[in-house]
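Using my numbering, read the sequence shown as starting at 541 and increasing by one per residue.
Glycine is no exception: its CB is placed at the ideal position from the N, C-alpha and C atoms.
Down below is the structure, laid out as structure tokens.
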Amino acid sequence: MAATIVLHPEREKSLKRHHPWVFASAIAEVKGKARPGDTVEVTDSQGAWLARGAWSPESQIRVRAWTFDQNEVVDNGFFMRRLEGALRLRQRVINANTTNAYRLIASESDGLPGVTIDVYNSVVVVQLLSAGADRHRKKLVWALTRLFPDCAILERSDVDVRKKEGLEPVVQVLHGDVPATVKIKENGLSIIVDVMQGHKTGFYLDQRDSRDAAARYAKGACVLNCFSYTGTFSCYALAGGASHVTNVDVSEPALELARQHVDINGFDQRMCDSVNADVFEQLRHYHEQKQQFDMVILDPPKFVDSRASLNRAARGYKDINMYGVQAVKSGGLLLTFSCSGLMPADLFQKIVADAALDAGRKVKIIERLSQAKDHPIASNFPEGYYLKGLVCEVTD
Ligand code: SAH
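This is the structure in structure tokens:
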């Protein structure tokens, strides 16, 4: 018999609105025994059924809801239905003629808390971050092998947040033969994804639409791509007619792939430089040298990992944006991003405004960017909105 989790009367609202998380502080009583990853029933204080979810005794988020339908059982069919629904949406938003890599499952937003699934051409990469997700690995693989019979499946659950769930990092082949790298197509460009060792599941699919924006603005531009990873913003810029691009990143393997991306897309290596350096130092260096660019892209890693670190992160974002603004020629463009979910969009805009002020430049926002459409935001899970971008004109 599944354990039953009874909520405090004043803490039922969120689950009743179908937000999928139950925090430890919302729980009044645990009836029965539950082990990590077990499926539990959640009721209100009066015993009325609210949700069925996965038990995570080591996390502050004690239950992640699988379903708000009492008749729905968490079996193979459940995972198949979730994957089919998610795939239908991707078929609507991804142009299969030009793009064969996309996020299939964006965890809570696709009704599968703790599960991320990215499809890279013929390789499916799975990341399982919660005890519940970890428990149902086999069912997911069952459904995936039926939906994608020709694909290999790799698990890249090598992330620190698993510790919060009492889980060890795991990297393993779940099905078929997984090559070290996979060639994908994104908006017609060729990109090599290091599925075994690359960041996250190998690639930053969420910036697809922002890369496309960079292409639209790049005609004739000399571009500085900061935090370039494998240099795909730069390839888009070259495709859009940029005259020159410079990639800056601390990861040499990422820069090496960036050089390959120039070749495999038929661009001239003389149009591309890579600098293995800390972006903060490199931007200070350009400032001292009075070197400026027509377009500067700033796509830093997540600076905020907890509410407590928001202030410190805000300073980091302001510094990097001040240097970024300084590096733009008058009349040029800054494309600046924050992928921290805990950074509100209005605060990010204010930080960019303060950075412009400190740099003594004028900034006008001409376009807002967000995570690509295969990273949807379920209305019951506003936390699903995390990536914010601004395209800014910078003048003296
Ligand atoms: N724009 C990329 C994704 C960037 S992810 C894309 O579209 O694919 C962030 C990148 O910043 C990572 O490649 C990481 O290696 C790099 N990085 C993190 N801190 C850095 C720093 N201080 N200086 C330079 N690069 C840094």
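Write down every uninterrupted run of the alpha helix (DSSP H) in the segment 805-884 whose length is 4 residues or greater and which is fully enclosed by it, in chain order. 819-828 and 850-866
Answer yes or no: do His827 and Ala867 have a C-beta to C-beta separation smaller than 8 Å? Pairing His827 with Ala867 gives a Cβ-Cβ distance under 8 Å.
Closer than 7 Å to a non-hydrogen atom of ligand 1 - does that hold for the CB of Gln747? yes
Work out the CA separation of Ile891 and His548 for me, nearest whole Å. 39 Å
Between the Cα of Tyr926 and those of Ser910, Cys932 and Ser919, spot the shortest distance and give me the residue it belongs to. Ser910
Span of the alpha helix (DSSP H), counted from its first residue to its last, around Tyr660: No alpha helix (DSSP H) holds Tyr660; the beta strand (DSSP E) holding it covers Val655 to Tyr660.
Where Glu581 falls: helix, strand or coil (DSSP): strand
Span of the alpha helix (DSSP H) holding Phe618? Asn616 to Val633
Can you list, in chain order, the residues of its chain whose CB lies under 8 Å from that of Ala641, leaving out five sequence neighbours each side? Asp658, Val659, Tyr660, Asn661, Ile724, Lys725, Glu726, Ile731, Val733, Phe743 and Leu745
Nearest candidate by alpha-carbon position, reference Ala720, set Gly728, Ile693, Tyr863 and Glu612: Ile693
At a threshold of 7 Å, does His751 count as lining ligand 1 (C-beta to nearest heavy atom)? The sequence shown places Arg at residue 751, rather than the His named in the question. Yes, the beta carbon of Arg751 sits closer than 7 Å to at least one heavy atom of ligand 1.
Around the Cβ of Asp937, are there at least 16 other Cβ atoms within 10 angstroms (buried) or fewer (exposed)? Residue numbering for the chain in the displayed model covers 541 to 936; residue 937 lies beyond these limits and cannot be assessed.
From this set, Glu624, Val663, Ala564 and Ile634, which residue's C-alpha is nearest Val722's C-alpha? Of the listed residues, the one whose Cα sits closest to Val722 is Val663.
Does at least one heavy atom of ligand 1 sit under 7 Å from the Cβ of Thr741? no
Looking at the unbroken alpha helix (DSSP H) that takes in Phe773, where does it start and where does it end? Thr772 to Ala779
Here's the rule: buried if 16 or more other CB atoms are within 10 angstroms of the residue's CB, otherwise exposed. What is Arg810? By the neighbour-count rule (16 or more Cβ atoms within 10 Å), Arg810 is not buried but exposed.
Evaluate the contact criterion for the segment 700-708 versus the segment 665-673: three or more CB pairs, one atom per stretch, below 8 Å. yes
Contact defined as beta carbons within less than 8 Å: I believe Ala574 pairs with Val580. What is the distance between those atoms, to the nearest angstrom? 5 Å
Indicate the three-state DSSP secondary structure (helix, strand or coil) for Ile891 in the structure shown. helix
Beta-carbon separation (whole angstroms), Arg824 vs Val865, contact threshold 8 Å: The Cβ separation is near 13 Å, so there is no contact.
Exposed or buried, Asn787, counting other C-beta atoms within 10 Å across all chains shown (16 or more means buried)? buried
Rounding to the nearest angstrom, what Cα-Cα distance links Gln712 and Val665 in this structure? CA-to-CA, the gap between Gln712 and Val665 works out to about 10 Å.
Where does Val681 fall in DSSP's three states? Correct three-state label for Val681: helix.
Measure the CB-CB distance between Arg622 and Asp650 and report whether it falls below 8 Å. yes
Is it buried or exposed, Ile906, if we count other Cβ atoms within 10 angstroms and call 16 or more buried? Around the beta carbon of Ile906, fewer than 16 other beta carbons lie within 10 angstroms, which makes this residue exposed.
Simplified DSSP assignment, three categories, for Gln586: When secondary structure is reduced to three states using DSSP, Gln586 falls in the coil class, being assigned neither helix nor strand.
If you drop the 5 nearest sequence neighbours on each side, which residues of the same chain put their C-beta closer than 6 Å to that of Gly771? Asn787, Ala798 and His801
Would you mind working out which of Val710, Trp595, Ile917 and Leu838 sits nearest Ile860, comparing C-alpha positions? Leu838
Start-end ranges of the beta strand (DSSP E) lying completely within the segment 690-769, minimum 3 residues: Runs found: 692-697, 710-715, 721-726, 729-734 and 762-766.
Can you list, in chain order, the residues of its chain with a C-beta nearer than 6 Å to that of Glu552? Leave out the 5 residues immediately preceding and following it. Asp584
What's the C-alpha gap between Val763 and Ser878? 19 Å
Quick check on Ile634: buried or exposed, where buried means 16 or more other Cβ atoms within 10 Å of its Cβ? buried
What is the rounded straight-line gap between the Cα of Leu590 and the Cα of Gln610? 8 Å
Return the CA-CA distance between Gly781 and Ile917, expressed in angstroms with no decimal places. 33 Å
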